[in-house]
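In what follows, a single structure is set out as C-alpha cells and then discussed.
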Amino acid sequence: MGVRVQTEDFDVGAEITAMRLSSANIGAVVSFIGQVRDLNDGDNVDSMFLEHYPGMTEKALVEIIAQAKVRWSITDALIVHRIGELKPQDQIVLVLVASAHRQEAFAACECIMDHLKTDAPFWKKEQTQHGLRWVEAKASDEDARHRWKSTTKN
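So the sequence shown is numbered by this note's numbering: it starts at 315 and just counts up by one.
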C-alpha cells in the first residue's frame with residue numbers, strides 16, 4: 315500500500331509491473347489514470363496548477379486506501395498524484411488496486427477514485443483564454459462518493 319505526491323511524471327507500466335510482481339496471490343490489477351483535458355466548462359485549458367497541503371494530503375490518501383482495504387479483499391493499492399504545473403494530456407493521477415479477483419479490484423479502485431476527488435486536499439487552478447480560475451468540485455463527484463455509503467461490501 316502506498317501513496318506518493320510528486321511533481322514528476324510517473325511510469326504507468328513500471329508501476330503496474332512492480333505491483334503485479336509483488337505477490338503471487340494477485341490475480342488482477344486494475345488501474346485508473348487521470349490526465350489534464352484541453353477543454354473544461356466550455357473553455358480551452360492551457361495549463362493546470364495543482365496545489366496540496368503537505369502532510370495532510372498524504373494522510374488523507376493513506377486513509378482512503380485503508381478504508382478500501384477494510385471493505386474489499388485487496389492485496390495492494392497505490393495512489394500517485396502529481397502537483398505543480400501540468401499541460402493538457404499530462405498525467406495527473408494513477409490509482410492501482412491489486413487483488414486475487416477482478417471484482418474486488420474494480421470496486422475498490424472506483425471507490426478510491428471517488429473518494430480521492432472529494433476527500434483529498436488538492437486545489438486545482440486552470441489557465442484558460444479568459445484567465446486563471448479555480449476548479450470547483452462537481453455535484454456529480456459528491457454523488458459518486460455518497461453512493462458508496464449505501465452499498466455493502468461484496
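Even for Gly, the Cβ is constructed at its ideal location relative to N, Cα and C.
Quick caveat, the model's predicted, so the values are computed rather than measured.
Suppose you measure from the CA of residue i to the CA of residue j; what does that come to, to the nearest Å?
i: Leu-410; j: Val-394; result: 9 Å
i: Gln-417; j: Trp-448; result: 36 Å
i: Gln-403; j: Gln-443; result: 18 Å
i: Met-427; j: Leu-392; result: 11 Å
i: Lys-401; j: Lys-438; result: 13 Å
i: Ser-336; j: Trp-462; result: 28 Å
i: Pro-368; j: Ile-406; result: 17 Å
i: Glu-322; j: Leu-353; result: 23 Å
i: Leu-375; j: Arg-351; result: 23 Å
i: Glu-399; j: Glu-365; result: 9 Å
i: Gly-445; j: Ala-451; result: 19 Å
i: Asp-357; j: Glu-424; result: 28 Å
i: Gln-320; j: Ser-387; result: 28 Å
i: Ala-332; j: Ile-340; result: 12 Å
i: Ala-314; j: Ala-380; result: Because the chain spans 315 through 468 in this model, residue 314 falls outside it and cannot be assessed.
What whole-angstrom Cβ distance do residue i and residue j have, given they're in contact under 8 Å?
i: Asp-355; j: Gln-441; result: The Cβ separation is near 13 Å, so there is no contact.
i: Thr-389; j: Phe-436; result: 27 Å between Cβ atoms; not a contact.
With distances taken Cα to Cα, identify the nearest neighbour of residue i among the options.
i: Lys-280; options: Asp-433, Thr-321, Ala-419; result: Past the edges of the chain, shown from 315 to 468, lies residue 280, and the structure says nothing about it.
i: Arg-318; options: Cys-425, Ile-388, Glu-365, Arg-396; result: Arg-396
i: Gln-349; options: Phe-324, Ala-419, Ser-336; result: Phe-324
i: Met-512; options: Ala-453, Ala-451, Glu-399, Ala-382; result: Here the chain comprises residues numbered 315 to 468, so residue 512 is not present and cannot be evaluated.
i: Arg-385; options: Phe-363, Ala-421, Met-333; result: Ala-421
i: Ala-338; options: Phe-363, His-415, Ala-453; result: His-415
Beta-carbon within less than 6 Å of residue i's beta-carbon, same chain only, minus the 5 sequence neighbours each way: which residues are those?
i: Ala-419; result: Ala-342, Val-344, Val-411, Ser-413
i: Phe-363; result: Glu-399, Lys-439
Below 8 Å CB to CB, which residues in the same chain sit around residue i once its five sequence neighbours on both sides are set aside?
i: Val-326; result: Ser-345, Ile-347, Gln-405, Leu-408
For residue i, collect the residues of the same chain with a Cβ closer than 7 Å to its Cβ; drop the 5 residues on either side in sequence, then sort them by chain order.
i: His-429; result: Ile-378, Arg-459
Please determine whether the Cβ atom of residue i lies at a distance below 7 Å from any heavy atom of the ligand NAP.
i: Val-359; result: Inclusion of the ligand NAP in the displayed structure is not the case, the ligand content being empty and no account of it being possible.
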